[in-house]
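With the working numbering, letter number 115 in the sequence shown gets 115, and the count goes up by one each step, no holes.
Glycine included, C-beta positions come from ideal geometry on N, C-alpha and C.
Nothing here was measured: the structure is a model prediction, and the numbers come from that model.
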Amino acid sequence: MLGLVGESGSGKTTLGLSQAGLTGYQGSISFHVPDRYRGRKVLPRVQVVFQGADASLNPRRTVAAVLERSIKLLRGTQTVEELAGRSGLTEELLGKPPHQLSGGQKQRVAIARAFAGPVPLVICDEPTSALDVSSQARLLDLLTELQERSGVSYLFISHDLAVVRQVSDRIGVLYDGELVELKAASEIFERPEHPYTQVLVESALSLGRSRR
Numbered sequence: 001m002l003g004l005v006g007e008s009g010s011g012k013t014t015l016g017l018s019q020a021g022l023t024g025y026q027g028s029i030s031f032h033v034p035d036r037y038r039g040r041k042v043l044p045r046v047q048v049v050f051q052g053a054d055a056s057l058n059p060r061r062t063v064a065a066v067l068e069r070s071i072k073l074l075r076g077t078q079t080v081e082e083l084a085g086r087s088g089l090t091e092e093l094l095g096k097p098p099h100q101l102s103g104g105q106k107q108r109v110a111i112a113r114a115f116a117g118p119v120p121l122v123i124c125d126e127p128t129s130a131l132d133v134s135s136q137a138r139l140l141d142l143l144t145e146l147q148e149r150s151g152v153s154y155l156f157i158s159h160d161l162a163v164v165r166q167v168s169d170r171i172g173v174l175y176d177g178e179l180v181e182l183k184a185a186s187e188i189f190e191r192p193e194h195p196y197t198q199v200l201v202e203s204a205l206s207l208g209r210s211r212r
């Protein structure tokens with residue numbers, strides 16, 4: 001799991017959308033395709049979990065209809081009920097439209113949709129920023145569990161270095177459109193080199209101390 005941090009306007013979302021083919025870019029992007037996907041005529045699609053689930057979910061479709069459509073598009077083999085259960089969604093939520101769900105439940109639907117079929121990469125673009133602290137923790141636990149179960153890779157985009165630290169193996173720091181640092185998560189906190197990274201680390205540590 002690669003965490004990507006940086007201030008607003010640094011290019012985090014643009015980089016993520018470029019990898020998903022949702023915006024234009026110059027140059028090239030290469031993917032290492034895992035062995036389990038080799039030989040397939042159609043490679044699995046990169047999936048995105050956006051910051052605002054409201055904007056990414058069809059308000060006219062129930063949860064069940066959203067998941068059923070995603071299973072078909074991604075050529076998944078699980079049932080709607082199985083997919084919902086693995087994503088922490090109870091069966092009574094399946095018949096509800098998005099406006100009847102809480103913010104955390106909507107993001108679980110968005111995550112379930114991303115895992116409706118074989119997926120090599122999921123881009124998480126600020127998926128927890130609109131949630132309270134307890135909902136954030138539960139969602140991060142879910143993402144970790146799904147990764148362990150499926151072997152998927154994540155690009156986890158956030159402005160919150162403390163959140164990224166919880167889930168990332170490596171962390172990249174974007175500043176003004178440039179990747180100024182890329183290290184193991186522990187090394188970013190122990191030995192930040194770029195001045196901007198040092199500011200981020202100190203802010204994250206100060207916030208952690210104040211919360212305690």
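- Task: Within 10 angstroms of the Cβ of Y154, are there 16 or more other Cβ atoms? Answer buried if so, exposed if not.
- Result: Mapped onto the sequence shown, residue 154 falls at position 154. Classification for Y154: buried.
- Message: Within 8 Å, do at least three Cβ pairs link the segment 65-83 to the segment 136-154?
- Response: no
- Message: Contact defined as beta carbons within less than 8 Å: I believe L89 pairs with R108. What is the distance between those atoms, to the nearest angstrom?
- Response: For this step, residue 89 is matched to residue 89 along the sequence shown. For this step, residue 108 is matched to residue 108 along the sequence shown. So it is a contact: roughly 5 Å between Cβ atoms.
- Message: My parser needs the alpha helix (DSSP H) runs of 4 or more residues fully inside the segment 97-173; what are they?
- Response: 103-114, 133-150, 161-167
- Message: By DSSP's criteria, G3 is part of a beta bridge. Which residues make up the other side?
- Response: Numbered from 1 along the sequence shown, position 3 holds the residue referred to as residue 3. F156, I171, per the DSSP bridge assignment.
- Query: Ends of the alpha helix (DSSP H) at L67?
  - Reply: For the purposes of this step, residue 67 is taken as the residue at position 67 of the sequence shown. Its alpha helix (DSSP H) spans residues 63-73.
- Could you check the C-alpha separation between K12 and L174 for me, to the nearest Å? Here the question's residue 12 lines up with position 12 in the sequence shown. Here the question's residue 174 lines up with position 174 in the sequence shown. Roughly 7 Å between the two C-alpha positions.
- Item | For E193, the three-state DSSP class (helix, strand or coil) | Here residue 193 refers to the residue found at position 193 when the sequence shown is read from its first residue. Reduced to three states, the DSSP call for E193 is coil.
- Could you tell me if L57 is buried or exposed, where buried requires 16 or more neighbouring beta carbons within 10 angstroms of its beta carbon? By one-based count along the sequence shown, residue 57 stands at place 57. Label assigned to L57: buried.
- Which residues DSSP lists as bridging L182, in chain order: Working through the sequence shown from its first residue, we reach residue 182 at position 182. G172.
- Query: Where does the unbroken beta strand (DSSP E) through V48 begin, and where does it stop?
  - Reply: In the sequence shown, counting from the first residue as 1, residue 48 sits at position 48. Element bounds for V48: 47-49.
- Item | G85 beta carbon near the ligand ATP (any heavy atom closer than 6 Å) | Ligands in the displayed structure: none, and consequently the ligand ATP is not present.
- Query: Buried or exposed: P127, going by 16 or more other Cβ atoms within 10 Å of its Cβ?
  - Reply: Here residue 127 is taken as the residue at index 127 of the sequence shown, counted from 1. That one is buried.
- Counting only the same chain and skipping the five closest in sequence on each side, list residues whose C-beta sits under 6 Å from that of L74. If you number the sequence shown from 1, residue 74 lands on position 74. For L74, where only same-chain residues beyond five positions count, the Cβ hits under 6 Å are A116, G117.
- Task: Excluding the 5 residues preceding and the 5 following P34 in the sequence, name in chain order all residues of the same chain whose CB lies nearer than 8 Å to its CB.
- Result: Locating residue 34 in the sequence shown gives position 34, counting from the first residue. Excluding residues within five positions, the ones whose Cβ falls inside 8 Å are P120, G151.
- Taking just the CA atoms, how far does P98 sit from V63? Residue mapping note: residue 63 aligns to position 63 of the sequence shown, counting from 1. Residue mapping note: residue 98 aligns to position 98 of the sequence shown, counting from 1. Taking the straight line from one Cα to the other gives about 7 Å.
- Item | Straight-line gap, V66 to E92 (C-alpha atoms, nearest Å) | One-based indexing of the sequence shown puts residue 66 at position 66. One-based indexing of the sequence shown puts residue 92 at position 92. The alpha-carbon atoms of V66 and E92 are separated by roughly 15 Å.
- Looking only at C-alpha atoms, which of P59, A112, G52, V164 sits nearest to E186? Here residue 186 corresponds to residue number 186 of the sequence shown, with the count starting at 1. The question names Glu, but residue 186 in the sequence shown is Ser. Out of P59, A112, G52, V164, the CA that lies nearest to the CA of S186 is found in V164.
- Smallest Cα separation from A130: which of D54, A114, Q166? Position 130 of the sequence shown, counted from the first residue, corresponds to residue 130. For the residues D54, A114, Q166, the minimum Cα distance to A130 belongs to D54.
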